[in-house]
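Colleague:
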Amino acid sequence: MLARADDVLVDTSKQQERFVIPNVVGHIEGNKTIISNLAQICNTLGRKMPHFLKFLNKTLATKGNVRGNVVVFMSKIPATKLNEKIKEYADTYVFCKECSKPETELTKKNDVIFLKCKACGAKYAPKSKI
Ligand SMILES: [Zn+2]
Numbered sequence: 003m004l005a006r007a008d009d010v011l012v013d014t015s016k017q018q019e020r021f022v023i024p025n026v027v028g029h030i031e032g033n034k035t036i037i038s039n040l041a042q043i044c045n046t047l048g049r050k051m052p053h054f055l056k057f058l059n060k061t062l063a064t065k066g067n068v069r070g071n072v073v074v075f076m077s078k079i080p081a082t083k084l085n086e087k088i089k090e091y092a093d094t095y096v097f098c099k100e101c102s103k104p105e106t107e108l109t110k111k112n113d114v115i116f117l118k119c120k121a122c123g124a125k126y127a128p129k130s131k132i
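Under the numbering used here, residues 3 to 132 are what the sequence shown spells out, in order.
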């Protein structure tokens, strides 16, 4: 089991006060890791799946692809490691480094990604890992 059952349930009343990144839900099948809620996590972060997946593939040195409702990684990845990388992604590409709020958006200009914060107006190029 990659996740405990109580990690699956998200308390929506809390979510409005505090930004909560869900833990991954999935299982390992042979040499593959199948994650069923990566799209949901990506939505919570307000980012696009190709960018999110590119980051995970690069930093985990694996190959993951969207297959219908799930994402299949072509290697065994512990849930803790995936959760760690998702947090790293959020810290880099979602949370504003000035005010730490998640109300940000990514824009691309001349192949450089910029993070724009809707809360404090900061705009900067995140230290990119991909
Ligand atoms: Zn900000």
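Each residue gets a CB set at the ideal place from its N, CA and C atoms; glycine is no exception. All of these numbers come straight from a predicted model, not from anything done at the bench.
Mark N25 as exposed unless 16 or more other C-beta atoms lie within 10 angstroms of its C-beta, in which case mark it buried.
Modeller: Counted from its first residue, the sequence shown places residue 25 at position 23. With 16 or more other Cβ atoms within 10 Å, it is buried.
Colleague: Let me check you understand the geometry: is the CB of K129 closer than 7 Å to at least one non-hydrogen atom of ligand 1?
Modeller: As a working note, residue 129 is residue 127 in the sequence shown. Every heavy atom of ligand 1 is 7 Å or more from the Cβ of K129, so no.
Colleague: What do you get for I79, buried or exposed, if any count of 16 or more other CB atoms within 10 angstroms of its CB means buried?
Modeller: Position 77 of the sequence shown, counted from the start, is the residue given in the question as residue 79. Classification for I79: buried.
Colleague: Less than 7 Å between C-beta atoms, sequence neighbours within five positions excluded: which residues of the same chain meet that for P128?
Modeller: On the sequence shown, residue 128 is found 126 positions in, with the first residue counted as 1. Correct list, in chain order: T94, Y95, I115, L117.
Colleague: Can you round the beta-carbon distance between K87 and L58 to whole angstroms, since I take them to be within the 8 Å contact cut?
Modeller: The residue given as residue 87 occupies position 85 in the sequence shown. The residue given as residue 58 occupies position 56 in the sequence shown. About 6 Å separates the two Cβ atoms, so the contact holds.
Colleague: Would you tell me roughly how many angstroms separate the C-alpha atoms of T61 and K83, rounded to the nearest one?
Modeller: Reading the sequence shown from its first residue, position 59 is the one you call residue 61. Reading the sequence shown from its first residue, position 81 is the one you call residue 83. Taking the straight line joining both Cα atoms gives about 10 Å.
Colleague: With a 10 Å radius around its C-beta and 16 neighbouring C-beta atoms as the bar for buried, classify I37 as buried or exposed.
Modeller: For the purposes of this step, residue 37 is taken as the residue at position 35 of the sequence shown. Per the 10 Å Cβ criterion, buried.
Colleague: Got a sec: does ligand 1 put a non-hydrogen atom nearer than 7 Å to the Cβ of K125?
Modeller: By 1-based counting over the sequence shown, the position of residue 125 is 123. The answer is no for K125.
Colleague: Ligand 3 heavy atoms versus the CB of E100: any closer than 7 Å?
Modeller: The ligand content of the structure shown is limited to ligand 1, which means ligand 3 is not among them.
Colleague: Ligand 1 and M121: does the residue's C-beta get closer than 7 Å to at least one heavy atom of that ligand?
Modeller: Here residue 121 refers to the residue found at position 119 of the sequence shown. At residue 121 the sequence reads Ala, which differs from the Met that was named. Yes, Cβ of A121 sits closer than 7 Å to a heavy atom of ligand 1.
Colleague: Per DSSP, which residues does K56 bridge with? Please list them.
Modeller: Mapped onto the sequence shown, residue 56 falls at position 54. The partner list for K56 (beta bridge, DSSP) is empty, contrary to what the question assumes.
Colleague: Would you check if the distance between the CB atom of R49 and the CB atom of L108 is smaller than 8 Å?
Modeller: Walking along the sequence shown from the start, residue 49 turns up at place 47. Walking along the sequence shown from the start, residue 108 turns up at place 106. Cβ atoms of R49 and L108: closer than 8 Å.
Colleague: How many angstroms separate the CA atom of N33 from the CA atom of V73?
Modeller: Along the sequence shown, read from residue 1 onward, the residue named residue 33 stands at position 31. Along the sequence shown, read from residue 1 onward, the residue named residue 73 stands at position 71. So the alpha carbons of these two residues sit roughly 14 Å apart.
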